[in-house]
Amino acid sequence: MSVLADLVLPTAEQELWRYSRIGELDLGAYSVGASTTTVLGDESVVSRDAQLMLSDVTVEPADVFEQLHAQHTAPGGQPDTVGTTHRGVVRIGTTRGQVIADPILITHHVHDTGIMCFPSLEIDAAENSEVTVVERFQSDDQCRSLVVPMVKIRAAQSARVTYVAINELGANTWLIGYQRALGGRDSTISTSTIALGGDYARIRAGVRLIGQGASAKQVALYFADGTQMHDFRTLQDHAAPRTHSDLLFKGAVKDHAKSVYTGLIKIRDNADKSEAFQTNRNLTLSSGSWAESVPNLEIETNDVKCSHASTVGPIDDEQRFYLESRGIRPEIAERLVVFGFFADVINRLPAAAQPDALRDKVGRKLLGDTTSATSNAGARA
Amino acid sequence: MTVLSIRDLHAKAGDTQILNGINLTVRSGEVHAVMGPNGAGKSTLSAAIMGKPGYAITQGSITLDDVDVVSLPTWKRALAGLHLVMQYPTEIPGVGIDELLNEALAERGSNQSQLATRIGAEAVRIGLDEALIHRAVNVDFSGGEKKRNETLQLAMLDPRIVVLDELDSGLDIDALRDCARRVEDLTNERKLGVLVITHYSRIFADLKPNFVHILSKGRIVASGGPELADQLERDGYDAFTA
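Sequence lines, in order, name chains A and B.
Using this note's numbering, count along the first sequence one by one with no gaps and you end on 415.
Using this note's numbering, count along the second sequence one by one with no gaps and you end on 417.
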């Protein structure tokens with residue numbers, strides 16, 4: 035624990051941590067522990083407590099949390115202190131041409147308060163194979179713990195990987211997470227991140243396209259209320275010709291909640307004829323809420339097609355007036371506009387992300403109601 | 176019988192005084208046309224009636240039968256029986272026409288059985304492609320599709336008095352004819368009362384006004400029967416506003 039307390043944490047002065055709540059973090063308050071991790075799905079491709087193999091997925095320098103992560107998940111590394119049989123390390127590896135029809139569902143539940151845990155997932159898709167993985171993070175509302183998850187994805191030539199991360203953490207749990215993906219020739223990677231939970235919940239998500247024709251889609255839906263903060267840092271790194279990336283992140287904040295999005299499209303000098311799109315839109319639903327959006331482009335070659343768009347603002351007054359002029363009360367009008375705002379993200383989610391259930395959760399959060407369902411009747415009762 | 180009564184209405188758009196004492200009475204089944212040049216206050220009149228943010232009533236009253244409309248928020252004005260067909264219908268990304276109507280009819284406690292069938296039938300009647308019913312309201316719609324959608328909603332929501340704010344702008348003559356005829360039918364079938372706000376008299380070919388009022392500088396400067404529109408067509412606004 036003293037080792038943790040002595041680590042030098044980043045500060046909000048650093049660009050990647052700008053606007054973050056890193057200054058509030060006291061690592062000394064946590065002891066190393068583990069989540070309870072369950073895996074459902076085709077056992078033939080799943081290994082637990084396995085040796086991790088995807089060390090070269092990213093070329094970004096590892097920060098202190100990634101270093102900590104590596105220490106705690108490496109074989110022979112520090113054993114976990116709570117004595118569970120595995121450390122939340124899951125490796126999914128397909129063989130050449132293998133198609134895993136049903137999604138593999140991983141759930142990490144953090145039961146203990148005051149712990150810091152390091153769930154780790156590797157998805158290694160061999161040539162022309164296909165796999166879908168859904169990873170859920172859950173904790174109770176009283177749980178004051180820190181979750182530092184890491185997912186590494188490698189899609190070999192023509193492989194197709196779909197990954198969905200769902201943050202359903204309790205209101206006092208912190209999340210500092212990493213998603214690292216590497217796309218080989220003609221591969222397709224789709225990542226979706228849904229963030230409704232947590233106190234401060236941050237994901238650094240990068241895709242690196244190193245094979246000609248590789249393509250990546252990144253989607254996120256986030257919605258923070260109370261004093262929650264959601265924080266996303268994305269990288270679309272094009273390092274081969276004719277690569278394609280498309281990112282759509284949409285979020286809403288209400289009450290005194292905050293959100294941050296910063297994203298970089300990087301087109302390297304060998305990535306001719308690549309296309310990269312980045313869109314981040316944010317709705318601020320109360321005067322006390324706050325959202326920041328910072329898109330960036332770094333392009334080292336000319337023959338490319340890139341665009342980025344970013345907006346932060348309240349619900350459009352004209353839209354509100356239009357709906358209200360049809361006899362729809364303000365809270366229902368607001369719900370329609372917010373659902374409408376999220377519709378394109380929800381439509382892009384894979385079925386494994388259970389879009390209908392997600393709509394219900396968004397509706398309940400909008401009403402500030404975490405118990406009853408959001409039917410017409412309920413909303414009008 | 177429903178009566179919309181506007182008395183001595185003064186209103187501001189932002190900080191600018193636009194309406195300077197409007198008096199109008201619209202009864203069920205009647206069609207009143209308010210005509211005026213640019214800047215006369217036509218859009219402010221429709222905004223004030225429906226309670227659009229940014230417009231303030233500074234004097235006078237608007238009542239629908241015994242209901243003081245001015246004290247109601249917009250959505251309650253609609254539930255009381257008022258409706259506004261907008262000059263520039265707003266795009267609402269991700270919200271289907273059917274979704275909007277579903278919520279709007281739920282607010283009215285209306286029978287929602289076979290709603291999709293009824294919307295479909297109304298779409299056919301107004302000449303709106305049925306596929307658009309499930310699409311986001313007004314998003315990527317042509318001018319004609321927007322006004323047909325407005326007219327479809329009018330027919331589905333069945334108000335007692337409607338304000339048509341320049342229904343005739345931004346659409347082709349076929350769409351204008353279809354929309355105007357549908358409103359005319361509603362005045363006969365359901366005794367809808369209509370306040371048509373317009374620059375031009377061409378809409379009167381299919382939607383016949385019983386009364387014509389000329390608006391200038393925030394006041395009604397002349398009122399009469401349909402012949403007033405003919406006179407306006409002949410002499411122009413200058414004859415009335417000089």
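We put the beta carbon where it would ideally sit given N, CA and C, even for glycine.
- Counting other Cβ atoms within 10 Å of its Cβ, residue 64 of chain A reaches 16 or more and is therefore classed as buried.
- Here the region 50-64 of chain A does not lie against the region 129-140 of chain A, with fewer than 3 beta-carbon pairs under 8 Å apart.
- With a threshold of 7 Å between beta carbons, residue 370 of chain A makes contact with chain B.
- Here residue 85 of chain A is exposed. Its C-beta has fewer than 16 other C-beta atoms within 10 Å.
- With respect to the C-alpha of residue 398 of chain A, the residue from A:310, A:365 and A:172 having the closest C-alpha is A:365.
- For residue 354 of chain B, DSSP assigns no beta-bridge partner whatsoever.
- With contacts defined as CB atoms closer than 7 Å, residue 264 of chain B and residue 313 of chain B qualify as a contacting pair.
- The region 207-214 of chain A makes contact with the region 93-103 of chain A: 3 or more CB pairs, one atom from each, lie closer than 8 Å.
- DSSP, read as helix, strand or coil, puts residue 106 of chain A in helix.
- Of all residues in the region 261-282 of chain A, none has a C-beta nearer than 9 Å to a C-beta of chain B.
- When only Cα atoms are considered, residue 348 of chain A and residue 188 of chain A end up about 39 Å apart.
- Taking 7 Å as the cut-off, the beta carbon of residue 303 of chain A is found closer than this to the beta carbon of residue 335 of chain A.
- Going by DSSP, residue 345 of chain B is part of no beta strand (DSSP E) at all; its letter is neither H nor E.
- For the C-beta of residue 356 of chain A, the chain B residues within less than 8 Å are, from N- to C-terminus, 261, 264, 265, 267 and 312.
- One thing to note: residue 403 of chain B has its Cβ no nearer than 7 Å to the Cβ of residue 216 of chain B.
- Of the residues assessed, residue 309 of chain B falls on the exposed side of the cut-off, its CB having fewer than 16 other CB atoms within 10 angstroms.
- Taking the C-beta atoms as reference points, residue 300 of chain A is found no nearer than 7 Å to residue 337 of chain A.
- Between the beta-carbon of residue 208 of chain B and that of residue 387 of chain B there is about 5 Å, and that keeps the pair under the 8 Å contact cut.
- By the criterion of a C-beta distance shorter than 8 Å, residue 253 of chain A is surrounded in its chain by 224, 225, 226, 227, 281, 282, 283, 379, 382 and 383, once the five residues flanking it on both sides are discounted.
- If you ignore the 5 residues before and after residue 238 of chain B, its C-beta comes within less than 7 Å of the C-beta of 180 and 244, all in its own chain and listed in chain order.
- Closest option to residue 103 of chain A, judged by alpha-carbon separation, among A:294, A:181 and A:343: A:181.
- Going by C-alpha positions, residue 392 of chain B is about 15 Å away from residue 398 of chain B.
- Within the region 131-160 of chain A, no residue has its Cβ closer than 7 Å to any Cβ of chain B.
- The beta carbon of residue 253 of chain B falls within 7 Å of a beta carbon belonging to chain A, placing the residue at that interface.
- Contact check for residue 159 of chain A against residue 195 of chain A passes: the beta carbons are separated by less than 7 Å.
- For residue 208 of chain A, the uninterrupted beta strand (DSSP E) segment begins and ends at 208-217.
- Spanning the alpha carbons of residue 414 of chain B and residue 408 of chain B requires a straight line of approximately 11 Å.
- Positions of the beta strand (DSSP E) runs, each at least 3 residues long and wholly inside the region 164-188 of chain A, are given as 164-173 in order along the chain.
- Following the DSSP letters along the chain, one finds residue 396 of chain A inside the alpha helix (DSSP H) bounded by residues 389-401.
- By the rule that beta-carbons nearer than 7 Å mark a contact, residue 320 of chain B does not touch chain A.
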